Amino acid sequence: MVEVIGFGLAGACVALQLQRAGCEVRVVDDGGEGSSHVAAGLVNPVAGRNFEPSWEVADAWKIALPFYQSLGEDLFHSVPILRLWFDEKDRLKFERKRELVKPWIDGVTDEGVLWSEGGWLDCPKFLTVAREEFLKNGGELKEAPQGGAQIWCAGAAGLIRGDFPGVEHRSAKGEILTVRIPGWREDRILNRAGWLIPIGGDLYRVGATYDWDHLESGPTEEGRSKVEAILQTFTDRYYEVVDHVAGIRPIIDRSKPVVRFQEGKGWMFNGLGSKGVIYAPRVGLEMVSRFG
Ligand SMILES: Cc1cc2nc3c(=O)[nH]c(=O)nc-3n(C[C@H](O)[C@H](O)[C@H](O)COP(=O)(O)OP(=O)(O)OC[C@H]3O[C@@H](n4cnc5c(N)ncnc54)[C@H](O)[C@@H]3O)c2cc1C
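If you count the sequence shown from 1, you need to add 251 to reach my numbering.
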């Protein structure tokens with residue numbers, strides 16, 4: 252029996268992959284709303300200002316996409332991403348990096364570059380569906396650890412508590428708004444300093460802030476103003492805020508997942524940073540090779 256502690260993106264991927272490989276798995280979750288409950292689920296193969304592909308993104312996504320699709324066709328929404336130019340210098344930077352990011356270029360216009368293979372995962376729905384499959388296939392779900400071989404997937408809560416001594420972290424709080432923009436019809440994900448994701452109807456998710464100094468939970472007025480400022484870089488249309496959420500990204504080494512073993516404690520899988528959707532299924536599979 253393997254005990255997986257925490258059922259966010261990390262724990263759900265590990266628990267399901269182990270179970271599918273034939274292991275007996277028990278999940279322990281304290282019911283806390285970790286960052287997977289608020290994540291926008293954005294998958295951007297070339298995130299950031301410098302036109303650098305995300306670390307090993309092609310390999311990780313080859314595992315992640317079929318994994319999500321195996322749980323339901325409506326979990327991952329494939330949507331083109333328009334990375335808007337900041338200015339002429341930015342456009343020239345892209346030209347210098349063009350060869351490196353060629354696999355993801357879907358078009359280049361005066362507005363920006365269009366990336367393929369982007370989209371968003373409905374993270375709350377993924378957690379629900381993953382839990383249903385886990386229980387349906389005989390998985391055990393408990394509120395407190397029972398012991399045995401343990402894999403700690405406790406996210407930022409575990410890093411802040413120092414579950415594994417000596418693991419330094421740079422976790423960052425983030426805030427996101429959901430806004431209604433009547434009649435806009437923008438159907439691409441927009442990205443420059445921040446992002447905007449069309450999620451259906453007149454609704455868009457916009458984010459996100461980064462705050463390394465205030466790791467207490469909950470949305471703030473300051474966070475809301477910052478996200479509204481991001482929104483206004485994309486459109487000057489009328490909008491109405493319909494939801495505002497906050498969470499803490501578990502960051503150890505940028506967004507590279509970290510797996511550690513500590514005698515007497517067990518395994519740790521943490522540090523998914525801002526890219527949990529891309530990397531969690533691959534690390535889940537790696538855990539199968541350790542336990543399977
Ligand atoms: C504002 C924001 C926006 C984001 N946007 C994106 C995005 O667009 N794309 C993307 O890929 N990523 C995004 N992320 C990052 C993503 O949320 C994380 O990478 C990922 O969710 C981390 O998953 P996790 O399972 O490691 O942690 P968590 O989701 O925090 O899950 C850990 C779970 O463990 C439980 N737990 C903790 N301690 C214990 C214990 N002792 N016993 C039992 N249970 C315990 C917690 O309650 C929680 O349920 C975003 C994050 C934030 C905050």
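For every residue, glycine included, the Cβ atom is placed at its ideal position computed from N, Cα and C.
None of the values given here were measured: they were computed from a predicted structure.
### Message
Can you determine whether any heavy atom of ligand 1 sits closer than 6 angstroms to the C-beta of L260, and answer yes or no?
### Response
Reading the sequence shown from its first residue, position 9 is the one you call residue 260. L260: yes, Cβ under 6 angstroms from ligand 1.
### Whole-angstrom distance between A423 and G285, CA atom to CA atom
As a first step, residue 285 must be located in the sequence shown, where it is residue number 34. As a first step, residue 423 must be located in the sequence shown, where it is residue number 172. So the two alpha carbons sit approximately 13 angstroms from each other.
### Task
Would you identify the three-state DSSP class for A266, choosing helix, strand or coil?
One-based indexing of the sequence shown puts residue 266 at position 15. If DSSP states are grouped into helix, strand and coil, A266 belongs with the helices.
### Message
Please determine whether the Cβ atom of D504 lies at a distance below 6 angstroms from any heavy atom of ligand 1.
### Response
On the sequence shown, position 253 is the one that residue 504 refers to. For ligand 1, not one heavy atom lies less than 6 angstroms from the Cβ of D504.
### P317, DSSP secondary structure in three states
Here residue 317 refers to the residue found at position 66 of the sequence shown. It is helical.
### Reduced DSSP category for R456 - H, G, I as helix; E, B as strand; rest coil
Counting from one through the sequence shown, the residue named residue 456 turns up at place 205. R456: strand per DSSP, three-state reduction.
### Query
Is it right to say P396 is buried, meaning 16 or more other beta carbons lie within 10 angstroms of its own, or is it exposed?
For the purposes of this step, residue 396 is taken as residue 145 along the sequence shown, with counting starting at 1. Result: exposed.
#### Entry: Sequence-distant residues of the same chain with beta carbon closer than 7 angstroms to G370, five excluded per side
As a working mapping, residue 370 is identified with position 119 in the sequence shown. Only V294, F327, H328, S329, V330 meet the Cβ criterion.
### Query
Between P501 and ligand 1, is the CB less than 6 angstroms from at least one heavy atom?
Residue numbering aside, residue 501 sits at position 250 when the sequence shown is read from its first letter. True, at least one ligand heavy atom lies under 6 angstroms from that Cβ.
### Three-state class that DSSP yields for I256 in the structure shown
Here residue 256 refers to the residue found at position 5 when the sequence shown is read from its first residue. Three-state DSSP puts I256 in a strand.
### Message
Please tell me whether, using a cut-off of 6 angstroms, the distance from the CB of G293 to the nearest non-hydrogen atom of ligand 1 is below it.
### Response
Position 42 of the sequence shown, counted from the first residue, corresponds to residue 293. Residue identity check: residue 293 is Leu in the sequence provided, not Gly. The answer is yes for L293.
### Message
What does the alpha-carbon distance come out to for the pair T486 and E426?
### Response
Reading the sequence shown from its first residue, position 235 is the one you call residue 486. Reading the sequence shown from its first residue, position 175 is the one you call residue 426. Going by the C-alpha atoms only, they are around 19 angstroms apart.
### Query
Quick one: Cα of L322 to Cα of E368, how far?
Against the sequence shown, residue 322 aligns to sequence position 71. Against the sequence shown, residue 368 aligns to sequence position 117. Looking at the two C-alpha atoms, the distance is approximately 19 angstroms.
### Message
Quick check: the Cα distance between A261 and I402, rounded to an integer number of angstroms?
### Response
Position 10 of the sequence shown, counting from 1, holds the residue named residue 261. Position 151 of the sequence shown, counting from 1, holds the residue named residue 402. Rounded to whole angstroms, A261 to I402 spans 10 angstroms at the Cα level.
### Span of the beta strand (DSSP E), counted from its first residue to its last, around K348
Translated into the one-based positions of the sequence shown, residue 348 becomes position 97. Per DSSP, K348 belongs to no beta strand (DSSP E); it is in the alpha helix (DSSP H), 339-352.
### Task
Answer with buried or exposed for Q320, where buried requires no fewer than 16 other C-beta atoms within 10 angstroms of its C-beta.
For this step, residue 320 is matched to residue 69 along the sequence shown. When all chains shown are included, Q320 counts as exposed.
### Query
Among C274, F337, G282, which has the Cα closest to the Cα of G299?
Position 48 of the sequence shown, counted from the start, is the residue given in the question as residue 299. For the residues C274, F337, G282, the minimum Cα distance to G299 belongs to F337.
### Query
Within the present structure, is the beta-carbon of K526 separated from the nearest heavy atom of ligand 1 by less than 6 angstroms?
Reading the sequence shown from its first residue, position 275 is the one you call residue 526. Yes, Cβ of K526 sits closer than 6 angstroms to a heavy atom of ligand 1.
#### Entry: Cutoff 8 angstroms; reference G398; Cβ partners in own chain excluding five residues on either side
Here residue 398 corresponds to residue number 147 of the sequence shown, with the count starting at 1. Closer than 8 angstroms at Cβ, skipping near neighbours: E254.
#### Entry: First and last residue of the uninterrupted alpha helix (DSSP H) at L406
Reading the sequence shown from its first residue, position 155 is the one you call residue 406. It is Gly, not Leu, that sits at residue 406 in the sequence shown. 406-412 is the extent of the alpha helix (DSSP H) around G406.
### Message
Please list the terminal residues of the continuous alpha helix (DSSP H) segment that includes L482.
### Response
Taking the first residue of the sequence shown as 1, we reach residue 482 at position 231. Where L482 is concerned, the enclosing alpha helix (DSSP H) stretches over 472-485.
### Query
Is the segment 342-355 touching the segment 456-474 in the sense that three or more CB pairs, one from each, lie closer than 8 angstroms?
no
### Task
Can you tell me the Cβ-Cβ gap for L335 and R443, rounded? I've got them flagged as a contact below 8 angstroms.
Sequence index remark: in the sequence shown, residue 335 carries index 84 (1-based). Sequence index remark: in the sequence shown, residue 443 carries index 192 (1-based). Rounded, the Cβ-Cβ distance is 4 angstroms, consistent with contact.
#### Entry: Cutoff 7 angstroms; reference R431; Cβ partners in own chain excluding five residues on either side
Start at 1 with the first residue of the sequence shown, and residue 431 comes out as number 180. Correct list, in chain order: D453, L454, Y490, E491, V493.
### Query
Are L267 and A381 closer than 7 angstroms when you measure CB to CB?
The residue labelled residue 267 in the question sits at position 16 within the sequence shown. The residue labelled residue 381 in the question sits at position 130 within the sequence shown. Contact flag set, yes.
#### Entry: Supposed contact pair N521 and C404 - C-beta distance, whole angstroms, cut 8 angstroms
Walking along the sequence shown from the start, residue 404 turns up at place 153. Walking along the sequence shown from the start, residue 521 turns up at place 270. Rounded, the Cβ-Cβ distance is 7 angstroms, consistent with contact.
### Message
For L378, count the other beta carbons within 10 Å of its own beta carbon; 16 or more makes it buried, fewer makes it exposed. Which is it?
### Response
Taking the first residue of the sequence shown as 1, we reach residue 378 at position 127. Under this definition L378 is a buried residue.
### Message
Give me, in chain order, the residues of the same chain whose beta-carbon lies closer than 7 angstroms to that of L316; leave out the 5 immediate sequence neighbours on both sides.
### Response
Counting from 1 along the sequence shown, the entry for residue 316 is found at position 65. Same-chain partners within the cutoff: F327.
### Other residues of its chain near V509: CB distance less than 8 angstroms, five sequence neighbours each side excluded
Start at 1 with the first residue of the sequence shown, and residue 509 comes out as number 258. These residues qualify, in order along the chain: V418, I503, M519, F520, N521, G522.
### Message
Helix, strand or coil, according to DSSP, for D310 in the structure here?
### Response
In the sequence shown, residue 310 corresponds to position 59, counting from 1. Helix at D310.
#### Entry: Euclidean distance between Cα positions of G259 and W435
Here residue 259 corresponds to residue number 8 of the sequence shown, with the count starting at 1. Here residue 435 corresponds to residue number 184 of the sequence shown, with the count starting at 1. Going from the Cα of G259 to the Cα of W435 covers about 33 angstroms.
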